[in-house]
Amino acid sequence: MGAITIEKEAACQLIWMLAMEVTMKINEIFNQNRKVFSFEVFPPKKQGTIESITSVLGELSALEPDFISVTYGAGGNTADESTCKIASMIKNEYHIESMAHLTCVNSTKDDVSIVLGQLKAQNIENILALRGDINPDLPRREDFHYSCELVRYIKEQGDFHISGACYPEVHVDAKNMQEDIEHLKIKVDAGVSHLISQLFFDNDLFYHFNEKVRAAGIQVPIEAGIMPVSNKKQIERMVTMCGASIPQKLAKILQRYEYDSESLREAGIEYAIKQMEGLLEHGVDGLHLYTMNNPYIASQISKEVKGLL
Numbered sequence: 002m003g004a005i006t007i008e009k010e011a012a013c014q015l016i017w018m019l020a021m022e023v024t025m026k027i028n029e030i031f032n033q034n035r036k037v038f039s040f041e042v043f044p045p046k047k048q049g050t051i052e053s054i055t056s057v058l059g060e061l062s063a064l065e066p067d068f069i070s071v072t073y074g075a076g077g078n079t080a081d082e083s084t085c086k087i088a089s090m091i092k093n094e095y096h097i098e099s100m101a102h103l104t105c106v107n108s109t110k111d112d113v114s115i116v117l118g119q120l121k122a123q124n125i126e127n128i129l130a131l132r133g134d135i136n137p138d139l140p141r142r143e144d145f146h147y148s149c150e151l152v153r154y155i156k157e158q159g160d161f162h163i164s165g166a167c168y169p170e171v172h173v174d175a176k177n178m179q180e181d182i183e184h185l186k187i188k189v190d191a192g193v194s195h196l197i198s199q200l201f202f203d204n205d206l207f208y209h210f211n212e213k214v215r216a217a218g219i220q221v222p223i224e225a226g227i228m229p230v231s232n233k234k235q236i237e238r239m240v241t242m243c244g245a246s247i248p249q250k251l252a253k254i255l256q257r258y259e260y261d262s263e264s265l266r267e268a269g270i271e272y273a274i275k276q277m278e279g280l281l282e283h284g285v286d287g288l289h290l291y292t293m294n295n296p297y298i299a300s301q302i303s304k305e306v307k308g309l310l
């Protein structure tokens with residue numbers, strides 16, 4: 002019995018060591034001096050289950066992105082542990098680095114501490130710190146008003162890598178780009194060491210934004226967030242929420258294939274690939290694909306883009 006116990010302990014130690022080998026903070030990926038390619042997924046809706054996303058994660062992980070980020074539970078509800086569970090599956094079962102989104106506008110410091118404890122327990126080291134959308138149906142808490150406050154609090158609680166969001170077409174609550182970049186600088190100075198952009202469809206807007214950001218002294222890596230268009234109503238809803246614009250070329254595609262979902266999906270994939278090709282030619286630090294939990298779209302884009310990284 003003693004020998005069996007020793008063998009079990011040795012096996013557990015080996016499993017732990019293997020898990021630690023895949024542990025990597027996002028900044029270490031960028032330090033490898035190459036272009037980074039990452040995905041984003043979201044938890045199932047309330048009526049769904051965590052298990053319903055298992056096959057999606059398996060297919061996305063097989064594409065070997067540098068990391069996969071997981072958006073926060075619906076409504077910013079800290080009682081919803083789906084983000085942590087999915088991030089844990091990505092890292093500990095599929096062995097792809099994961100990053101958990103964390104919002105703060107509806108949270109207290111105690112709420113955030115609970116989530117950070119859950120992430121630590123699953124060996125998740127990367128967090129995308131966000132203010133979160135203001136929900137008129139939920140009372141705002143007073144502990145956090147801005148994402149920079151969340152960043153500072155996370156820095157106090159443990160050795161996490163913290164990423165942040167940026168907005169090539171200006172955050173909807175900012176007066177102008179100058180103010181928006183000033184706020185971004187505060188966030189970076191607070192501890193953000195990697196940025197992911199909001200979706201955009203005109204690369205020139207990203208290039209202009211990138212120049213302004215660098216001129217402001219912000220030197221952390223910036224990944225360009227790309228969302229392939231596959232549904233006209235869905236993308237119109239998204240741009241309304243985030244303030245992105247639809248250039249004429251894309252508007253024509255949406256109009257032409259509005260009632261042909263398969264053709265729109267393929268045209269949307271082609272548009273996203275061309276965006277990514279242009280961004281890589283201009284020296285973008287990385288590409289972050291909003292997969293919308295669609296492995297087919299992610300696969301088609303990965304096949305064309307990964308050879309260019």
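Heads up: the sequence shown begins at 2 in the working numbering, then just goes up one per residue.
Cβ atoms here follow ideal geometry from the backbone N, Cα and C, with glycine treated the same way.
Of L103, L255, F210 and S53, the smallest CA-CA separation from L185 is found for F210. Here the region 231 to 247 lies against the region 167 to 184, with 3 or more beta-carbon pairs under 8 Å apart. A residue is called buried when at least 16 other Cβ atoms come within 10 angstroms of its Cβ; A63 does not meet this threshold and is exposed. Using a Cβ-Cβ distance cut-off of 8 Å, the region 259 to 267 and the region 28 to 35 are not in contact, since fewer than three pairs of beta carbons, one from each stretch, lie closer than that value. Taking C-beta atoms as the reference points, P66 and F43 fail to come closer than 7 Å. In this structure, the straight-line span from the alpha carbon of F161 to that of L129 is close to 10 Å. Three or more Cβ pairs closer than 8 Å define a contact, and the region 49 to 58 falls short of that threshold against the region 281 to 288. Proximity to I223 across Q119, S198 and G308 peaks at S198, based on C-alpha coordinates.
Contact check between the region 93 to 111 and the region 120 to 138: three or more CB pairs, one atom from each, fall below 8 Å, which counts as touching.
When the alpha-carbon of I69 is set against those of I187, G133 and Y95, the nearest one is in Y95. Taking L206 as the centre and dropping the five residues before and after it, the same chain places the C-beta of P169 and E170 closer than 7 Å to its C-beta, in chain order. When DSSP reads this structure, H172 sits in no beta bridge, so it has no partner. Under a 10 Å Cβ-count criterion, K176 is classified as exposed, with fewer than 16 other Cβ atoms of the shown protein chains found around its own Cβ. In this structure, Q119 keeps its C-beta atom at 7 Å or more from the C-beta atom of C149.
L131 carries a strand assignment under DSSP once its states are collapsed to helix, strand and coil.
Assignment of L58 by DSSP, reduced to helix, strand and coil, places it in the helix class. Taking D144 as the centre and dropping the five residues before and after it, the same chain places the C-beta of T109 and K110 closer than 6 Å to its C-beta, in chain order. V230 sits away from L196, with the two beta carbons spaced by 7 Å or more. Positions of the beta strand (DSSP E) runs, each at least 3 residues long and wholly inside the region 226 to 302, are given as 287 to 291 in order along the chain. Taken in chain order, the complete alpha helix (DSSP H) segments of 4 or more residues contained in the region 84 to 128 are 110 to 122.
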